[in-house]
Amino acid sequence: MISASSRLFRRSLRPTSSTKRAPHRLSRCYLAITPRGGGAAMTAEEKPISQILWEDNLKEAQKSLHHPWVVGLGLGTLEKESFAQYIAQDAFFLESFAKAYAFALGKCSDREGIVAFHGLIGAVLDELKLHSGLAERWGVDLAALREPKQATDDYTGFLMATAQAADSTPADVLAAMAPCMRLYAHLGRTLRAAFPERLGRPGHPFAEWVDTYASDEFEAAARTVEDLLDKYAGASTPARLG
């Protein structure tokens, strides 16, 4: 189960490479924040699969934290054109996320899962509203976009292929989505902890973005995805994940 789910999880992490190290405070904040809430140490048998997969891929998350693009986001020094391009591409990403949740909902046979996926679709629609506002502010015409860039297309194509596969389960879809949710929540919270003074200054161009992904509401959504993954991976994951 773990090895196959881990392949889906790792493929969903956006690959990054760092050209220089971030300020030391970012590393300290990274080490201080525990995405799954900490607590007493558990054996491998006691850990939920979402926690095992996150711990197996911590190095990838740390690379993302130290990427100059992410550091510039927290410091407020990222080139505005670069952020505008990101907003444009993220529209494709979020639309695919909403569709994938809908496919996962259709694969559910229990009421709890149906309600949970319905709520997650609503959360993505709220994110799309945020991005529409950001796009307008940054002069990005989302209606004029026709084609995603290659990296965006690679991930969204992989996600939709997983979600639409006739033999895929909710666990398969969630394994392809959980790393994005957890990584975004982790980036938001770590940036907020690392650069509180800069992000608190009036006029920081990216503070709203950081606040969104550092929020308790987004953390709750990320945990919902992880909890659903743990539930369905343990209950109905197909033999190929066993």
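Numbering-wise, full-length UniProt numbering puts 207 at position 207 of the sequence shown, and it's gapless, one number per residue.
A virtual CB, placed ideally from N, CA and C, is assigned to each residue, including glycine.
Computed from a predicted structure; not experimentally measured.
What's the C-alpha gap between residue i and residue j?
i           : j           : result
residue 171 : residue 229 : 5 Å
residue 60  : residue 177 : 16 Å
residue 195 : residue 73  : 10 Å
residue 52  : residue 46  : 10 Å
residue 127 : residue 54  : 23 Å
residue 168 : residue 218 : 26 Å
residue 48  : residue 223 : 12 Å
residue 148 : residue 97  : 14 Å
residue 159 : residue 152 : 11 Å
residue 205 : residue 234 : 43 Å
residue 181 : residue 120 : 11 Å
residue 65  : residue 115 : 33 Å
residue 226 : residue 157 : 22 Å
residue 287 : residue 79  : Outside the shown range of the chain, which is 1 to 242, sits residue 287, and nothing can be said about it.
residue 193 : residue 67  : 17 Å
residue 237 : residue 111 : Confidence is the limiting factor: at residue 237 the pLDDT is only 41, short of 50, which leaves the residue's position unreliable, though a coordinate-based value still follows. Each residue's Cα considered, the two are about 18 Å apart.
residue 129 : residue 71  : 25 Å
residue 155 : residue 161 : 10 Å
residue 122 : residue 133 : 17 Å
Quick one: using the 10 Å Cβ neighbour count with 16 as the cut-off for buried, is residue i buried or exposed?
i           : result
residue 202 : exposed
residue 50  : buried
residue 109 : exposed
residue 107 : buried
residue 82  : exposed
residue 185 : buried
residue 62  : buried
residue 165 : exposed
residue 137 : exposed
residue 231 : buried
So, for residue i: in the same chain, excluding its five sequence neighbours on each side, which residues have a beta-carbon less than 8 Å away from its beta-carbon?
i           : result
residue 88  : 135, 140, 142 and 145
residue 58  : none
residue 124 : 94, 97, 98 and 101
residue 150 : none
Can you give the beta carbon distance from residue i to residue j, rounded, assuming they're within the 8 Å contact cut?
i           : j           : result
residue 173 : residue 84  : Incorrect: roughly 30 Å between the Cβ atoms, too far for contact.
residue 163 : residue 221 : No, residue 163 and residue 221 are not in contact; Cβ-Cβ is about 18 Å, not under 8 Å.
Here's a check: name, in chain order, each residue in its chain whose Cβ is nearer than 7 Å to the Cβ of residue i, leaving out the five neighbours to either side.
i           : result
residue 131 : 87, 90, 91 and 94
residue 248 : For the chain, the structure presents residues 1 to 242; residue 248 sits outside this window and is missing.
residue 207 : 199
residue 213 : 184, 185, 187 and 188
residue 248 : Residue coverage of the chain in this structure runs from 1 to 242, which leaves residue 248 outside it and unanswerable.
residue 76  : 198, 204, 205 and 206
Can you name, in chain order, every residue of its own chain whose Cβ lies under 6 Å from the Cβ of residue i, other than the five neighbours on each side?
i           : result
residue 37  : For residue 37, the predicted model reports a pLDDT of 47, less than 50, meaning its position is unreliable; a value from the coordinates is still stated below. Result list for residue 37: empty, nothing under 6 Å.
residue 117 : 101, 104 and 105
residue 191 : 74 and 210
Comparing the CB of residue i with every heavy atom of the ligand SAM, is any distance shorter than 8 Å?
i           : result
residue 201 : In the structure shown, the ligand SAM is absent, as is every other ligand, since no ligand is present at all.
Is residue i close to chain B? Criterion is C-beta to C-beta, closer than 9 Å.
i           : result
residue 145 : The structure shown contains no chain B, having only a single protein chain.
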